[in-house]
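First up is the structure itself, then whatever we jot down about it.
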RNA sequence: GCCCAUGUAGCUCAGGCGGUAGAGCACAUCCUUGGUAAGGAUGAGGUCACCGGUUCGAAUCCGGUCGUGGGCUCCA
């Protein structure tokens, strides 16, 4: 009498079961391996618990740790276990929210006294006990009134507040329990706590309730968890690798840059070696811009406050700007952006459609107020140099211009060694200015350019700036992390505010499109990204010292000096280590300094006009004629290859 | 800005429940002239972030300030 139901699997296969079978039962029927890996299921697009009984034909999928959704279930359940431990250890704790994140999970608590990192060990111990107990996660659905009564009784004011939201949205109200722990939760969850085979709590941090600063500050605990100890191990190794590449650490070790207490937070000092790398980046950048139809401009660092009033920055950007200051009774402002300056250049005379598009580029240094707590090495600073440009073009030209800019950006980023990019298109937000037709035109040109470039992209609906849609490009670094570099943005606001015009073929004035773009982002941040990407071992064309000459004994210093002269003559940057130290020491130090080439010189080499070449990170030695060795490096230098 | 942590020689760090500090590396001088990741000796170097309080006495305890790190928020 049991009814039969049909389940359609992701591969299109259809299986038949008796109605009332659980999702876990289906997994079991498909295979024992899958049943073991199963964390939850998706029925008709809805994630559900494995214990869910199925009673109608549906699409069906088992979630495992291999899928994003599966991991989210895993981490979400881990957050519940952590919350259970915290509630057991700190009786006054009130629960806020505990979602899965990119990698791992967190839970926010309102606690009578602050947590320190030392508390994490205690919480971990308790979690281990809870996991060993292998308690099942149980789901129950409640009416709004019942749930409200339950959480009021449990003294969980934040849950009551969330409940109001859930109720408002008309969602089913579900509550999960494991052991004595109760939480308002959409689910789904793991079958039981024992599925969490490995976990680690990582950090405590402050966070505001609902992320709003006026609200009470909660204490957030971050953690990660995995179904396998090996995966946790791998995660920890990845963290170590990231720490090893940290640009702040390498910046100090390699003497590239510093941030100084006496100098002020977020203000970067470029030391000679870092400055040399920046010089290389800037030269390349300028040359390529000139080759690609840009003109270079320069603008001042301060301007009358009136300019910033007209541009609207004093309205919509005030919180990022430093206070104005007085010069002979006139208020002036340190620049947080370059755009108004390029616009002033544009407005200095009348322009014809025949001149367009105008592409004006500047490595423009700007200053923005960032709250002390957010400063971070080179990644987040208060003074930085944007690789900025503004394109003024006619409506008919924008598609081509965007396509060009996109190609140019991808070309530049690839030259710096980034092969994989991720591209995002952000469209019109709810609150925005400008003509609907212009937005449509701008967005379609961005789409067309992306399609023409044959690159994949994701659309971020409504994430554009209020003044125009944009494309952002993120690079993927050597250890798989994403960093946003390029941004290409339309700006309808400034074109309007400054009443930009050009004279068209019809003799009438027209409004040009204004496109703002930074390809590397800022030189400071990009430098930080490069340091981490290369782990400090820069490719030959960027390396501050490309070759170090290492004579084995003092008596060969003279020959070594001549070798260095020849390197210089070939346009290579070299260093001569003529200290009375053993070759072992010299090599060790050259390796630690991550210098790409070592020329070791002994009596044999001096005799034959040769050098022994050793490359950074490789042990092989190659004895070659000096001229050949130099020619080889020169060609590598030109090719911008490692 | 807020929460947590943290600030000892140029760097990396020990120590210190109150009696003016120590190592390794780096630096200087000397010895050593040695073929692929640290040769040896000697020496110099610190108002223990800064300001204030408690105390006979503070680097150590307390308060504040500044910096740094991890978050929150925002973004290049």
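Residue numbers (my numbering): 21 to 662. Don't be surprised by glycine CBs; every beta carbon is placed ideally from N, CA and C. Please read these numbers as outputs of a predicted model, since none were measured by experiment.
Let me know the secondary structure DSSP gives residue i once reduced to three states.
| i | result |
| --- | --- |
| residue 571 | strand |
| residue 318 | coil |
| residue 102 | helix |
| residue 177 | helix |
| residue 353 | strand |
| residue 242 | strand |
| residue 547 | helix |
| residue 158 | strand |
| residue 636 | coil |
| residue 652 | helix |
| residue 21 | Because the pLDDT at residue 21 is just 48, under 50, the model does not fix this residue reliably, and the value given afterwards should be weighed accordingly. Three-state DSSP puts residue 21 in coil, outside helix and strand. |
| residue 10 | Limits of the chain in this structure are 21 at one end and 662 at the other, which puts residue 10 out of reach. |
| residue 237 | strand |
| residue 657 | helix |
| residue 210 | coil |
| residue 396 | strand |
| residue 186 | helix |
| residue 370 | coil |
| residue 34 | strand |
| residue 97 | helix |
| residue 231 | helix |
| residue 90 | helix |
| residue 28 | strand |
| residue 409 | strand |
| residue 279 | strand |
| residue 196 | strand |
| residue 109 | helix |
| residue 115 | strand |
For residue i, report the span of its beta strand (DSSP E) as first-last.
| i | result |
| --- | --- |
| residue 143 | Note, residue 143: premise wrong, no beta strand (DSSP E); alpha helix (DSSP H) at 137-152. |
| residue 224 | 218-228 |
| residue 384 | 378-387 |
| residue 81 | 78-83 |
| residue 124 | 124-130 |
| residue 204 | 201-204 |
Between the options, which has its C-alpha nearest residue i's C-alpha?
| i | options | result |
| --- | --- | --- |
| residue 133 | 212, 109 and 156 | 109 |
| residue 53 | 416, 82 and 65 | 82 |
| residue 224 | 130, 605 and 153 | 130 |
| residue 383 | 317, 49 and 351 | 317 |
| residue 628 | 616, 618 and 576 | 576 |
| residue 112 | 216, 174, 84 and 399 | 174 |
| residue 424 | 177, 434 and 411 | 411 |
| residue 551 | 266, 626, 367 and 61 | 266 |
| residue 262 | 656, 500 and 151 | 500 |
| residue 66 | 431, 207, 485 and 369 | 207 |
| residue 271 | 634, 555 and 419 | 555 |
| residue 203 | 448, 355, 378 and 104 | 104 |
| residue 462 | 479, 490, 443 and 368 | 490 |
| residue 140 | 229, 179 and 240 | 240 |
| residue 106 | 59, 400, 606 and 221 | 221 |
| residue 315 | 607, 379, 658 and 186 | 379 |
| residue 599 | 281, 126 and 574 | 574 |
Contact defined as beta carbons within less than 8 Å: I believe residue i pairs with residue j. What is the distance between those atoms, to the nearest angstrom?
| i | j | result |
| --- | --- | --- |
| residue 557 | residue 637 | 7 Å |
| residue 44 | residue 57 | The Cβ separation is near 12 Å, so there is no contact. |
| residue 642 | residue 561 | Not confirmed; about 21 Å, so no contact. |
| residue 363 | residue 201 | With a Cβ gap of about 59 Å, residue 363 and residue 201 do not count as contacting. |
| residue 211 | residue 71 | 7 Å |
| residue 565 | residue 595 | 5 Å |
| residue 79 | residue 69 | About 17 Å separates the two Cβ atoms, so there is no contact after all. |
| residue 537 | residue 409 | 6 Å |
| residue 631 | residue 649 | 5 Å |
| residue 114 | residue 169 | Their Cβ separation, rounded to whole angstroms, is 17 Å, which puts residue 114 and residue 169 out of contact at 8 Å. |
| residue 321 | residue 405 | No, residue 321 and residue 405 are not in contact; Cβ-Cβ is about 11 Å, not under 8 Å. |
Quick one: give me the first and last residue of the alpha helix (DSSP H) that residue i is part of.
| i | result |
| --- | --- |
| residue 363 | 359-367 |
| residue 642 | No alpha helix (DSSP H) contains residue 642, which is instead part of the beta strand (DSSP E) from 641-645. |
| residue 257 | 249-264 |
| residue 10 | Because the chain is modelled from 21 through 662, residue 10 falls outside the range shown and cannot be assessed. |
| residue 273 | 267-273 |
List, from N- to C-terminal side, the beta strand (DSSP E) runs of 3 residues or more that fit wholly inside the segment 38-74.
60-63 and 66-68
Secondary structure, beta strand (DSSP E): runs of 3+ residues fully inside the segment 464-542:
477-480, 490-496, 502-510 and 533-542
Segments assigned alpha helix (DSSP H), at least 4 residues, entirely inside the segment 566-632:
577-589, 603-612 and 623-628
What residue ranges within the segment 411-461 form continuous beta strand (DSSP E) runs of no fewer than 3 residues, ordered along the chain?
441-446
Please go through the segment 286-342 and give each complete alpha helix (DSSP H) segment of 4 or more residues, from N-terminal end onward.
List check, alpha helix (DSSP H) in window: 292-311, 325-331 and 333-336.
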